[in-house]
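To start, the structure under review is shown below, and the notes come after it.
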Amino acid sequence: GSQGLIAEPERTLLLCWTALEMGERTLALPRGVTRCAGQLAQRYGAQVVWTASGDSSWQQGMLRHAPRTFPLFFDGIQAALAVTARLAEKDLSLSQVLEQLPHIARRTHVVPVQLRDKGRLLKQLAQSLPGCDLSDGLTLERDKGWAWISPGGDRQQCLVMAESADAEFARELCDFCCAQVEKALKEKLE
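Numbering (my numbering), first residue to last: 664 to 853.
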């Protein structure tokens, strides 16, 4: 197994696994978190409520829909204790649990965008990408994966993230979305 730090999607999934093993049947997670959480929840007959990204929206969503999971995600010591307790109870090592979690390949890319252009950029993208969802940034579903273009708060950038079980597809989808963002930015400059 991998030593040291666990990548963010795996860490989130590990906390989801812990919550589900503790009997939680609703997970409240921000949109930018790995979609594999939904697959994992299904194994337990549980559901995921997707919240807006950003810690305060997520915390509010969690307190409303899954208050018992709050300490897991926002208190590192509580999380470590809960994970360790579940591993001991199941007689599993961390690497054994990580191997059982859904596998995900994630690609992210940051595109520089002026603050004043963000709203117009997302509207333009929505027109050129039919079937996307504009509720918190822009979400694009594909058969083999999904992508999320996040306006990135008050930073002068957009985050493009793509996920798939297939690493090659995740890369292609991320590249495609970045190209769409760059194209939309160029168009409005002309």
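Beta carbons: idealized from backbone N, C-alpha and C, even for Gly.
- In this model, His728 and Asp799 are separated by some 19 Å (Cα to Cα).
- Contact between Arg694 and Ala715 is confirmed by a C-beta separation of about 7 Å, below the 8 Å threshold.
- For Gly724, there is no enclosing beta strand (DSSP E); the residue is part of the alpha helix (DSSP H) that begins and ends at Asp718 to His728.
- Contact between the segment 779-797 and the segment 700-712 is absent, with fewer than three C-beta pairs closer than 8 Å.
- Leaving aside the five residues that flank Ser827 on each side, the residues in its chain whose CB is nearer than 6 Å to its CB run, in chain order, Ala768, Lys807, Gly808 and Ala833.
- Sequence-distant Cβ neighbours of Arg749 in its own chain, meaning closer than 6 Å and more than five residues away, are Thr681 and Glu684.
- It is roughly 4 Å from the alpha-carbon of Gln820 to the alpha-carbon of Pro775.
- When secondary structure is reduced to three states using DSSP, Gln777 falls in the coil class, being assigned neither helix nor strand.
- Just so you know, the alpha carbons of Thr747 and Val773 end up roughly 35 Å apart.
- If you keep only unbroken alpha helix (DSSP H) runs of at least 4 residues inside the segment 761-841, you get 781-791.
- Around Leu735, the same chain offers Leu678, Thr681, Ala682, Gln741, Ala742 and Ala745 as residues with beta carbons nearer than 7 Å, after the five sequence neighbours per side are excluded.
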